[in-house]
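Asks: Residue numbers -10 to -1, 1 to 304, in mature numbering (1 follows the signal peptide of the UniProt record, and there is no 0), belong to the letters of the sequence shown in order.
Take this structure first; my questions come after.
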Amino acid sequence: AALTATGALAQDFPSKPVTFVVPFAAGGPTDKVARDLAEAMRKPLNGQIIVENVAGAGGTLGATKVAKASPDGYTLLVYHIGMATSPALYRNLQYKPLEDFEFVGLVNEVPMTLIGRPSLPAKNYAELSKWLSDNKGKVNLANAGLGAASHLCGLLFQSMTKTEMVTVPYKGTGPAMTDLIGGQVDIMCDQTTNTTGQIEGGKVKAYAVTTTKRLSTPALKNLPTLDESGLKGFDVSIWHGVYAPKGTPKPVLDKLNAALKAALKDGEFIKREEALGAVVVTDDRTSPAGHKKFVEGEINKWGPVIKAAGTYAD
Ligand code: MLT
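The following block contains the structure:
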């Protein structure tokens, strides 16, 4: 029988709580996905799952912690598109995505929304784009650090609108949202899992969505796409996956993948995701091989885009 790194029998897995490392601050979209997923996986995995937030460096600190964790299946990473964008952004990244992780499966795809502080004078995207060009170089754009989804969306937005903005990084878009609502920053591009409630509650101004099709979520369905608003081809949606350290025994990975697949079919989980504009993955990307192949494609897609933007961190 396969033994885990600590010599425990894989067949007894899990014999203690499993940790989901979330590489951003609590209260943000990654944290939300991880906590909802943990809830839906608990029963099929027949074990406790706890969430630990390890924020910093656009999510790469938390990812590094899991890459170096004991490969026994008890320390997992819930991470988004940053898995594919960070290699092009961080020259001294401490891990190689395709070599230092086992792929447990892809979870969902989440659209993003362009939102502003409640006191922003622009009432719609047309007025916002005029306000942005009248305030070149003075607009504060919040994000969750280099490599974050909010950073990537902001990068594309600035390059397609040819406007330079002042970037204000946070440990996650949870804390960033607090400052946006408070008026400390001007705009942000953030995932619907984090913005739907605030838009419904009238806490922020909402201007557009980043997908090429409008969303059906009631609070978001009247928002135009950036594509139809003049930024032809603007198309960003943020995917989330689950990862284990390289070397985690296959019987353990099989149990984790089976529990993930069961969670993705859980009606309660699907309902929660859809209410927040997210789409649960139902295709082969929920298998380890399909997940890995997809991430490889995303690394090849986003690498050149980011290198062209010339943003690096050492
Ligand atoms: C991001 O912008 O990458 C995420 O929103 C960060 C987070 O989950 O807080």
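All residues carry an ideal CB built from backbone N, CA and C; glycine is no exception.
Distance, Cα to Cα, Ser206 vs Lys120?
Replies: Whole-angstrom Cα-Cα distance: 27 Å.
Asks: Taking just the CA atoms, how far does Glu218 sit from Ile171?
Replies: Computed Cα separation, rounded: 27 Å.
Asks: Using only the heavy atoms of the ligand MLT, determine whether one of them is closer than 8 Å to the beta carbon of Asn133.
Replies: True, at least one ligand heavy atom lies under 8 Å from that Cβ.
Asks: I want to check one thing, is the minimum distance from the CB of Asn184 to the heavy atoms of the ligand MLT below 8 Å?
Replies: Within the cutoff, so yes.
Asks: Can you pull the DSSP bridge partners for Gln181?
Replies: Paired residue(s): Met102.
Asks: As an exercise, report each continuous alpha helix (DSSP H) stretch of at least 4 residues that is fully enclosed by the segment 5 to 42, in chain order.
Replies: The qualifying runs are 19 to 35.
Asks: Output needed for Leu66: all residues of its chain with C-beta closer than 8 Å, excluding positions within five of it in sequence on either side, in chain order.
Replies: So the list reads Val8, Thr9, Phe10, Val11, Val56, Val94, Val232, Tyr233, Ala234 and Leu246, once near-sequence residues are dropped.
Asks: Taking Val175 as the reference, which of Met167, Thr182 and Gln181 has the closest Cα?
Replies: Selected option, being the one with the closest Cα: Met167.
Asks: Report yes if the C-beta of Pro19 is less than 8 Å from at least one heavy atom of the ligand MLT; otherwise report no.
Replies: Checking every heavy atom of the ligand MLT against the Cβ of Pro19, one is found closer than 8 Å.
Asks: Helix, strand or coil for His230? Go by DSSP, reduced to three states.
Replies: Looking at His230 - three-state DSSP - the assignment turns out to be strand.
Asks: Quick check: the Cα distance between Thr186 and Leu79, rounded to an integer number of angstroms?
Replies: Rounded to whole angstroms, Thr186 to Leu79 spans 29 Å at the Cα level.
Asks: Per DSSP, Pro239 forms a beta bridge with which residues?
Replies: DSSP output for Pro239 lists no bridge partner at all.
Asks: Taking the alpha-carbon of Val226 as reference, which of Asn82, Lys152, Leu145 and Ile40 has the nearest alpha-carbon?
Replies: When only C-alpha atoms are compared, the closest one is Leu145.
Asks: Using CA coordinates, which residue listed in Asn133, Asn82, Phe91 and Arg81 is at the minimum distance from Gly106?
Replies: That would be Asn133, whose Cα lies nearest to the Cα of Gly106.
Asks: When DSSP labels each residue in this structure, what does Pro77 get in the three-state scheme?
Replies: Helix, per DSSP.
Asks: Should Ala298 be listed as close to the ligand GTP, given that the test is whether its C-beta is under 8 Å from any heavy atom?
Replies: Absence of the ligand GTP from the depicted structure is noted, with the ligand MLT being the only ligands included.
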